[in-house]
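Student:
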Amino acid sequence: MGRFNFKKFSLNHVKLRDKLLLMYMLSVFIPIVLTNVIFYQVTTSNIKNQKTRDADIAIEQLQRELRAVIDEAAGISYLYYIDPILNDNLDRTFTSEFEYVEAYNTQLRAVFNKSENAYKTIRGTMIYTDNPTIMASGPFQPLTPLVKDTEWYKMFSRKTASHPVLIQSGGLFSMMQRLEFKKAGVYTSFIRIELNMDTIRQLFENTSFQGKLYFTGQDGTVYYTNDKDVDWHSGSTELREVKVPDKSIEFTKVYVNNNYLNGWSLHGLMDERVMLEDVYKSGTFVIYLACINFLLPSLIIAGISRSIHVRLVRILRYMKRVKHQHFETIPEEDSKDEIGQLTFAFNRMTETINSLINDVYVADIQKKDLEIKQRQAQLHALHSQINPHFLFNALETIRMRSLIKGESETAKIVHHMAKIFRKSISWSRDWVTVQEELELIECFLEIQKYRFGDKLEYQLTVEDAVREQHIPKMVFLSFVENASIHGIEGSPGIGLITLQIGIAEGMLVFRLRDNGLGMTEKKLAEVLEYLQRDDQMGDHVGMKNAYYRLKLCFKESFDFRIESELGSGTTVEIRLPLREPT
Numbered sequence: 002m003g004r005f006n007f008k009k010f011s012l013n014h015v016k017l018r019d020k021l022l023l024m025y026m027l028s029v030f031i032p033i034v035l036t037n038v039i040f041y042q043v044t045t046s047n048i049k050n051q052k053t054r055d056a057d058i059a060i061e062q063l064q065r066e067l068r069a070v071i072d073e074a075a076g077i078s079y080l081y082y083i084d085p086i087l088n089d090n091l092d093r094t095f096t097s098e099f100e101y102v103e104a105y106n107t108q109l110r111a112v113f114n115k116s117e118n119a120y121k122t123i124r125g126t127m128i129y130t131d132n133p134t135i136m137a138s139g140p141f142q143p144l145t146p147l148v149k150d151t152e153w154y155k156m157f158s159r160k161t162a163s164h165p166v167l168i169q170s171g172g173l174f175s176m177m178q179r180l181e182f183k184k185a186g187v188y189t190s191f192i193r194i195e196l197n198m199d200t201i202r203q204l205f206e207n208t209s210f211q212g213k214l215y216f217t218g219q220d221g222t223v224y225y226t227n228d229k230d231v232d233w234h235s236g237s238t239e240l241r242e243v244k245v246p247d248k249s250i251e252f253t254k255v256y257v258n259n260n261y262l263n264g265w266s267l268h269g270l271m272d273e274r275v276m277l278e279d280v281y282k283s284g285t286f287v288i289y290l291a292c293i294n295f296l297l298p299s300l301i302i303a304g305i306s307r308s309i310h311v312r313l314v315r316i317l318r319y320m321k322r323v324k325h326q327h328f329e330t331i332p333e334e335d336s337k338d339e340i341g342q343l344t345f346a347f348n349r350m351t352e353t354i355n356s357l358i359n360d361v362y363v364a365d366i367q368k369k370d371l372e373i374k375q376r377q378a379q380l381h382a383l384h385s386q387i388n389p390h391f392l393f394n395a396l397e398t399i400r401m402r403s404l405i406k407g408e409s410e411t412a413k414i415v416h417h418m419a420k421i422f423r424k425s426i427s428w429s430r431d432w433v434t435v436q437e438e439l440e441l442i443e444c445f446l447e448i449q450k451y452r453f454g455d456k457l458e459y460q461l462t463v464e465d466a467v468r469e470q471h472i473p474k475m476v477f478l479s480f481v482e483n484a485s486i487h488g489i490e491g492s493p494g495i496g497l498i499t500l501q502i503g504i505a506e507g508m509l510v511f512r513l514r515d516n517g518l519g520m521t522e523k524k525l526a527e528v529l530e531y532l533q534r535d536d537q538m539g540d541h542v543g544m545k546n547a548y549y550r551l552k553l554c555f556k557e558s559f560d561f562r563i564e565s566e567l568g569s570g571t572t573v574e575i576r577l578p579l580r581e582p583t
């Protein structure tokens with residue numbers, strides 16, 4: 002068996018996986034996992050369990066105290082509910098104010114002494130009635146439309162129960178009950194007992210529960226809380242909308258076997274970080290222990306990681322040079338681990354990339370650059386052959402000679418043709434105003450009228466409000482052209498094209514009507530199907546192109562309809578969304 006030679010041993014020959022495993026076992030797993038983790042987990046678990054039990058007891062105590070306050074108000078409402086003197090006077094029709102004052106002083110005043118012993122938990126007691134003979138005095142208030150418009154009355158009116166009902170409105174809790182002890186009562190009356198919010202606030206402040214508390218109704222709405230970030234006064238925040246910390250413990254206590262509190266709940270939310278505050282305070286001891294376990298592994302890590310760090314930094318330095326097209330190879334050393342193999346692969350890759358750039362990429366760029374220049378030369382030659390200015394000048398010369406010869410009508414038509422040609426080429430915008438589109442349409446119709454003579458008439462009706470509206474360029478002209486060629490040209494009678502552009506129902510409406518040949522139902526269906534297809538072009542190329550651009554610009558927000566009858570003509574209606582003038 003051969004003897005191990007320590008002089009030839011080097012960390013550079015150890016695989017990277019083995020290095021990481023050795024670092025983990027010596028510096029992390031043994032000292033940290035077996036000491037700090039176990040100690041911390043046991044301590045945290047014990048304190049967390051104890052804090053949870055204490056918090057549960059505290060929230061149960063608050064639940065009982067809160068119920069006692071509400072029970073006291075409910076008990077007082079029951080006393081008023083069964084009081085015969087109060088019920089008789091509420092249903093009594095007093096003949097005069099004197100009679101009511103006498104009844105109030107002799108009978109009703111004594112009724113309200115029942116709530117004097119509960120002055121700490123009750124803020125006030127009010128009885129509302131629609132008995133018109135009872136004056137607004139003391140605790141009695143008329144049930145006016147203003148009262149019926151309050152939020153608390155709307156909430157109470159939606160309740161149909163005969164027992165007391167707990168209502169929260171405007172940041173105040175009220176115990177409300179209908180005074181219907183006499184089933185055949187003449188008038189509608191109810192009692193509203195406002196709870197003392199200072200008492201409720203003190204209950205929430207004095208509790209030993211170290212967290213946020215939420216008092217919710219049957220619908221899950223938060224009606225009171227010590228969470229300052231929640232607006233509970235308006236009664237518009239639901240418990241499920243409350244932001245919950247990532248690590249928190251929730252407590253829920255539901256009121257049962259109680260008519261007016263059934264479905265109400267008391268929820269507690271405790272942040273685990275607050276709960277484990279004592280554990281964090283004892284962290285000094287944990288830190289001392291961790292330092293002892295960290296010092297020795299750190300020395301081990303420093304020695305092992307140097308073999309990795311120094312060579313990785315060198316590779317990174319040469320890789321940054323490659324970014325600036327400096328393809329230098331790394332001086333190789335006698336190392337057999339993964340970093341040594343990576344160095345060898347990097348050098349081979351650098352040499353290959355440098356060769357490809359010099360031999361292939363540069364040559365390909367030169368070839369493509371030559372092709373681009375050739376295409377540009379061909380394009381310039383084509384542009385020089387088709388010079389729009391030559392056509393404009395030729396048309397202008399024809400128009401001037403026609404004027405000289407007295408052929409004003411011919412000159413006018415040549416002018417219209419030049420205008421259409423110039424606009425169709427010189428327009429650099431994809432969107433134009435209705436006024437600009439209308440000028441082209443008028444030029445086209447004048448040319449057609451020149452062709453057909455008295456056989457063609459047209460009428461244009463355009464509202465001033467739409468003249469500055471923007472539409473896709475030459476989108477209406479295609480339909481006018483189709484109407485004159487396919488609708489009027491083959492018609493034996495006098496052709497009439499009417500065009501109306503206006504605003505209806507918040508949309509820009511383009512309505513084109515001709516009295517030409519028209520189409521059968523089958524032909525109309527074929528045209529509509531042809532417009533919907535994207536795979537081919539037919540006879541109505543201009544109309545299909547216009548329809549395609551409408552779909553491209555407005556997607557599904559425009560309306561397009563064609564109506565036609567054989568021998569009676571065709572109507573095209575387009576409705577476009579209005580656009581703000583720019």
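When we follow the working numbering, the leftmost residue of the sequence shown carries the number 2, and every step to the right adds one. The beta carbon of each residue, even a glycine, is placed where N, CA and C say it ideally should be. All values derive from a computational prediction rather than experimental measurement.
List in chain order: all unbroken beta strand (DSSP E) runs of 3+ residues lying wholly within the region 499-554.
Tutor: 508-515
Student: Cutting at 7 Å between CB atoms, please list the residues of its own chain near Met-136, excluding the five before and the five after it.
Tutor: Glu-98, Tyr-101
Student: Start and end of the beta strand (DSSP E) containing Phe-252?
Tutor: 249-255
Student: Tell me which residue opens and which closes the alpha helix (DSSP H) that Val-275 is part of.
Tutor: 273-276
Student: What's the gap between the Cα of Glu-564 and the Cα of Glu-447?
Tutor: 26 Å
Student: Please state if the CB of Gly-517 and the CB of Ile-495 are separated by a distance shorter than 8 Å.
Tutor: The criterion of a C-beta distance shorter than 8 Å is not satisfied by Ile-495 and Gly-517.
Student: Just mark Met-350 as buried or exposed, buried being the case when its beta carbon has 16 or more other beta carbons within 10 Å.
Tutor: exposed
Student: Excluding five sequence neighbours on each side, which residues of the same chain lie with their C-beta closer than 7 Å to the C-beta of Ile-194?
Tutor: Ala-74, Ile-77, Ser-78, Ile-123, Thr-126, Ser-175, Met-176
Student: Given this structure, state the Cα-to-Cα distance separating Thr-96 from Arg-65, to the nearest angstrom.
Tutor: Thr-96 and Arg-65 have their C-alpha atoms roughly 48 Å apart.
Student: Rounded to whole angstroms, what's the CA-CA distance from Lys-450 to Glu-522? Just pull it up for me.
Tutor: 29 Å
Student: Between Ser-479, Gln-460, Ser-492, Thr-151, which lies nearest to Phe-453 when the distance is taken from Cα to Cα?
Tutor: Here the closest residue by C-alpha is Ser-492.
Student: CA-CA distance, Met-276 and Val-29?
Tutor: 29 Å
Student: Per DSSP, what kind of secondary structure is Arg-110 in: helix, strand or coil?
Tutor: Arg-110 falls in the helix class under three-state DSSP.
Student: Distance, Cα to Cα, Pro-133 vs Lys-52?
Tutor: 59 Å
Student: With burial defined as no fewer than 16 other Cβ atoms inside 10 Å of the residue's Cβ, what is the status of Leu-214: buried or exposed?
Tutor: buried
Student: Quick check: the Cα distance between Gly-341 and Val-323, rounded to an integer number of angstroms?
Tutor: Cα-Cα distance, rounded: 19 Å.
Student: When you compare each of Ile-358, Met-320, Asp-360 to Leu-343 by their alpha carbons, which one comes out closest?
Tutor: Closest by alpha carbon: Met-320.
Student: Hey, Ser-595 and Leu-270 are a contact pair by Cβ (cut 8 Å); roughly how many whole angstroms apart?
Tutor: For residue 595 there is no data in the structure shown, the boundaries of the chain being 2 and 583.
Student: Among the candidates Ser-46, Phe-559, Leu-87, Trp-153, whose CA atom is the shortest distance from the CA of Glu-278?
Tutor: Closest in alpha carbon position to Glu-278, among Ser-46, Phe-559, Leu-87, Trp-153, is Ser-46.
Student: Taking Cβ positions, are Lys-254 and Ile-60 nearer each other than 8 Å?
Tutor: yes
Student: Contact defined as beta carbons within less than 8 Å: I believe Tyr-188 pairs with Asp-92. What is the distance between those atoms, to the nearest angstrom?
Tutor: Contact holds; Cβ gap of about 6 Å.
Student: How many angstroms separate the CA atom of Ile-305 from the CA atom of Asn-355?
Tutor: 35 Å
Student: Should Ile-486 be listed as close to the ligand SAM, given that the test is whether its C-beta is under 7 Å from any heavy atom?
Tutor: Only the bare structure without any ligand can be found here, which leaves the ligand SAM out of the picture.
Student: For the beta strand (DSSP E) that contains Val-573, what are its first and last residues?
Tutor: Taken as a continuous stretch (DSSP letters only), the beta strand (DSSP E) holding Val-573 covers 570-578.
Student: Check each candidate in Tyr-289, Leu-313, Phe-561 and name the one with the smallest Cα separation from Phe-345.
Tutor: Leu-313
Student: Gln-470 to Arg-241, Cα distance in whole Å?
Tutor: 49 Å
Student: What is the DSSP secondary structure of Pro-133, reduced to helix, strand or coil?
Tutor: Looking at Pro-133 - three-state DSSP - the assignment turns out to be coil, as it is neither helix nor strand.
Student: Let me know the secondary structure DSSP gives Trp-153 once reduced to three states.
Tutor: helix
Student: Secondary structure at Gly-125, three-state DSSP: helix, strand or coil?
Tutor: Here Gly-125 sits in strand by DSSP.
Student: What residue from Glu-273, Tyr-531, Ser-558, Asn-258 has the CA that sits closest to Phe-210's CA?
Tutor: Taking each of Glu-273, Tyr-531, Ser-558, Asn-258 in turn and checking the Cα distance to Phe-210, the smallest one comes out for Glu-273.
Student: Verify the CB distance criterion: does Ile-305 have a CB-CB separation below 8 Å to chain C?
Tutor: Among the chains of the structure shown, chain C does not appear; only one protein chain is present.
Student: For Val-435 versus Ile-472, is the C-beta spacing smaller than 8 Å?
Tutor: yes
Student: Less than 8 Å between the CB atoms is what I'm expecting for Phe-445 and Leu-497, so what's the real figure, rounded?
Tutor: About 16 Å; that fails the 8 Å criterion.
Student: Which residue comes first and which comes last in the alpha helix (DSSP H) that contains Met-198?
Tutor: 198-207
Student: Can you list, in chain order, the residues of its chain whose CB lies under 7 Å from that of Val-231, leaving out five sequence neighbours each side?
Tutor: Val-223, Thr-238, Val-243
Student: Can you tell me whether Glu-566 is buried or exposed, with buried defined as 16 or more other CB within 10 angstroms of its CB?
Tutor: exposed
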